[in-house]
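Data first, discussion second: the structure below is written as structure tokens.
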Amino acid sequence: MSLTLYDKIWNEHLVHQQEDGTSLLFVDRHLIHEVTSPQAFEGLRNSNRKVRQPNLTLAVVDHNIPTTDRSKGIDDEDSRIQVETLDKNCKEFDIQLFGMEDKRQGIVHIVGPEQGFTQPGTVIVCGDSHTATHGAFGSLAFGIGTSEVEHVLATQTLVQKKAKNFRINVNGKLAIGVTSKDVVLQIIGKIGTAGGTGYVIEYAGSLISELSVEQRMTICNMTIEGGARAGLIEPDQKIFNYLKNRPMSPKNENWDKALKYWNTLKTDKDAKFDKEINLTADDIVPMVTWGTSPQDVVSIVGKIPNPKNENNIDKKNSIDRSLKYMGLKADVAVQGIKIDKVFIGSCTNGRIEDLREAAQILKDKKKAAHVHGMVVPGSGLVKEQAEQEGLDKIFIKSGLEWREPGCSMCLAMNADKLKPEERCASTSNRNFEGRQGRGGRTHLVSPGMAAAAAIAGSLDDVRKYQN
Amino acid sequence: MLESTKTKMKKFNSLKSIPAYLPIVNIDTDMIIPKQFLKTIKRTGLGKNLFFEMRYDDRGKKIKNFILNNEPFNNSKILITGNNFGCGSSREHAPWALLDFGITCIICSSYADIFYSNCFKNGILPIILKEEKIKELSEYSKRKEEISIDLKEEKIIYRNNEIKFDIDPFKKKCLLEGLDDISLSLEKLDQISSFEKKLIKNKPWIFND
Chain A
1 MSLTLYDKIW
11 NEHLVHQQED
21 GTSLLFVDRH
31 LIHEVTSPQA
41 FEGLRNSNRK
51 VRQPNLTLAV
61 VDHNIPTTDR
71 SKGIDDEDSR
81 IQVETLDKNC
91 KEFDIQLFGM
101 EDKRQGIVHI
111 VGPEQGFTQP
121 GTVIVCGDSH
131 TATHGAFGSL
141 AFGIGTSEVE
151 HVLATQTLVQ
161 KKAKNFRINV
171 NGKLAIGVTS
181 KDVVLQIIGK
191 IGTAGGTGYV
201 IEYAGSLISE
211 LSVEQRMTIC
221 NMTIEGGARA
231 GLIEPDQKIF
241 NYLKNRPMSP
251 KNENWDKALK
261 YWNTLKTDKD
271 AKFDKEINLT
281 ADDIVPMVTW
291 GTSPQDVVSI
301 VGKIPNPKNE
311 NNIDKKNSID
321 RSLKYMGLKA
331 DVAVQGIKID
341 KVFIGSCTNG
351 RIEDLREAAQ
361 ILKDKKKAAH
371 VHGMVVPGSG
381 LVKEQAEQEG
391 LDKIFIKSGL
401 EWREPGCSMC
411 LAMNADKLKP
421 EERCASTSNR
431 NFEGRQGRGG
441 RTHLVSPGMA
451 AAAAIAGSLD
461 DVRKYQN
Chain B
1001 MLESTKTKMK
1011 KFNSLKSIPA
1021 YLPIVNIDTD
1031 MIIPKQFLKT
1041 IKRTGLGKNL
1051 FFEMRYDDRG
1061 KKIKNFILNN
1071 EPFNNSKILI
1081 TGNNFGCGSS
1091 REHAPWALLD
1101 FGITCIICSS
1111 YADIFYSNCF
1121 KNGILPIILK
1131 EEKIKELSEY
1141 SKRKEEISID
1151 LKEEKIIYRN
1161 NEIKFDIDPF
1171 KKKCLLEGLD
1181 DISLSLEKLD
1191 QISSFEKKLI
1201 KNKPWIFND
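Chains as they are written, first to last, in my numbering: chain A, 1 to 467; chain B, 1001 to 1209.
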């Protein structure tokens, strides 16, 4: 029988299957962080259980930590307790942790690939919905809740039912100034925020193979914004080259064995998908979100939608509510909407290529006087690389702040947040009400678009700024 | 102390309550429980911050026209709401907050996958119904009339009517008996061990590097 890549990875990890399809799936890689793990460790302690495979578990602090000078520790008491709790739990259960002082520390979904912990054909889970990022390596990667984190710690397995197969084909070429962020925003706009619910998405097509590994990660990262828990891409030579010689990648003869296996990770030619859509890359333009759901996308040359044009009452109410929250009027041109802040970073767009993309636009330019902007590298290693390339100097010279790595204003758990009614061009993944701070207004964009917005002081078309 | 290791979760029995109707679509987990409350290392105590930004004004005062702030809905055990409920983050703090508030049953036309699965781990029953049935039930919220949930029979009972709902039989059993997933999985320890042995042999790189 012809199988999809998802089918194959699923089958390879089946430990047990009940008649009703409820399955026990083996987990090869478990990533944990300080926010969604404390209650899981507490559960283990209460039931007198151990971590079954500490070696398959990697911990990192990211959500809560300051992105400013860390030498004095964390001011916020609750955040500090969470970070200290992770440290204590990792020591007690013998799990490797990249703490705040570790150069390898960073956002969990940037650290995994960077270290070679993320590998093709594996099942990867983490108590974070953006775990789908790792699917770019041809792994089945998805976010789980804290009870499931505890389950994985205790058993190295997870109880799951198989999802359906959904393939999204993107063929053609992207125009200059258009990035994989625009592709994924376009996809979410098309399928809707619940369009992928119950499915695992495979991204395919000529454009996807042409994208770099990091660009692929941006697409898989936002899969959850389209409702699917996991999104994956067939691994190819680019992936193997990326992984070669990473600290946790297979070595020597294991590398050869792994490579042989990884080369088999392909969807069969006549495999059946329950759902399939096609997009033409050439038609995609720089995108912006206008509302409070990632599906609320519009092209940078477009206009804010008018609820009057919507017949469905729920949808109409939803547009009304979003426009009110966002402080926007219907039918206004997107280009020219004044912004207050710019955020460049997050597990969606905090990798070196993202920083290069933003720096290229900002080189020898100044941010608009009223704009406050921060650049937050995704990890300590991304930061180091960027500094070697002099990107930090470009950002600082243009008037943006260069910060320490972490999740930062993507979810605003630390001190980095929007004030009520502040408007932000953000390279993150969610524009929910209050996501970047109570009353804050988020427009999701690509790194280049964020850079253009910083210069213009308003939402603007990155294609005007190509150096 | 736990009743026994296999019944960590509270059993879901039948339920009777005036439902609260919150007709908003795509309610995300940031709306259910904003990030500032994710800094806890406990599962309890989140109920007072449920729907924080819709429920309290800037000065922390309760917003009058928010449904859960008013009698009798401040005691509702059933929440009827718009589709794609619980989208966004995987935070289990969302079901913890609902549970701590007292809500043990949610009714809407669709849920986000992670949230849906998180509900069952906490003894919350998420029911899926068609939109027209949701509209019908929401009238009971408006009239402040009770409805009943019978999980065993898979039906919602209101006045002399009833609506059947579907639920995965295994998930239903776990809710009814308050079964703990981890204990159930640990019963398959032999199978897990032999899977691992096979893995070490066939894919040594998973463990070795």
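Yeah, the Cβ is synthetic: ideal placement off N, Cα and C, and Gly gets one too.
- Here DSSP, grouped into helix, strand and coil, assigns T1104(B) to coil.
- For N1049(B), the closest alpha carbon among the candidates N1070(B), M1031(B), D1150(B) is that of M1031(B).
- Separation of A154(A) and S1148(B) (C-alpha to C-alpha, rounded to the nearest whole angstrom) is 37 Å.
- In the same chain as I32(A), and ignoring 5 residues on each side of it, the C-beta atoms closer than 6 Å to its own belong to A59, in chain order.
- The beta carbon of C1108(B) sits no closer than 8 Å to any beta carbon of chain A.
- Under the Cβ distance rule, I1167(B) does not count among the residues neighbouring chain A, no pair being separated by less than 8 Å.
- Of all residues in the segment 1026–1043 of chain B, the ones placed with a Cβ closer than 8 Å to any Cβ belonging to chain A are N1026, D1028, D1030, M1031, P1034, K1035, Q1036, L1038, K1039, T1040, I1041, K1042, R1043, in chain order.
- If one requires a minimum length of 4 residues, no alpha helix (DSSP H) run lies completely within the segment 395–429 of chain A.
- Residue state for V298(A) is assigned as strand, using DSSP reduced to three classes.
- D20, T22, L24, F26, D28, V35, T36, P38: these are the residues of the segment 19–38 of chain A whose beta carbon lies less than 8 Å from some beta carbon of chain B, given in chain order.
- One Cα belongs to L97(A), the other to H130(A), and the distance between them is close to 20 Å.
- Taking the C-beta atoms as reference points, L232(A) is found nearer than 8 Å to L5(A).
- In the DSSP assignment, Y1056(B) falls outside any alpha helix (DSSP H) and carries neither an H nor an E.
- Contact with chain B is found for E150(A), since one of that chain's Cβ atoms lies less than 8 Å from the residue's Cβ.
- With a threshold of 16 other beta carbon atoms within 10 Å, R167(A) meets it and is buried.
- Pairing K1062(B) with R1055(B) gives a Cβ-Cβ distance under 8 Å.
- The alpha carbon of I191(A) has as its nearest neighbour, out of S212(A), N263(A), S293(A), the alpha carbon of S293(A).
- In the pairwise beta carbon analysis, the segment 42–49 of chain A is classified as not touching the segment 300–314 of chain A: fewer than three pairs are separated by under 8 Å.
- Per the DSSP secondary-structure output, M248(A) pairs with nothing in a beta bridge.
- Pairwise C-beta distances place the segment 67–84 of chain A in contact with the segment 406–421 of chain A, as three or more of them are shorter than 8 Å.
- When C-alpha distances from T133(A) are compared across G145(A), S147(A), V111(A), A454(A), the shortest belongs to V111(A).
- In the displayed model, E1162(B) falls within a strand according to three-state DSSP.
- Against chain A, the beta carbon of S1117(B) has neighbours under 7 Å at G145, listed in chain order.
- DSSP assignment within the segment 316–371 of chain A yields the following whole beta strand (DSSP E) runs of 3 residues or more, N-terminal first: 341–344.
- The beta carbon of K1171(B) sits closer than 8 Å to the beta carbons of F1120 from its chain, once the five residues preceding and following it are set aside; these are given in chain order.
- In the pairwise beta carbon analysis, the segment 1093–1109 of chain B is classified as touching the segment 1126–1137 of chain B: at least three pairs are separated by under 8 Å.
- Our two residues, G378(A) and P1169(B), have alpha carbons roughly 43 Å apart in a direct line.
- About 6 Å separates the CB atoms of L459(A) and V288(A); that is less than 8 Å, so the two are in contact.
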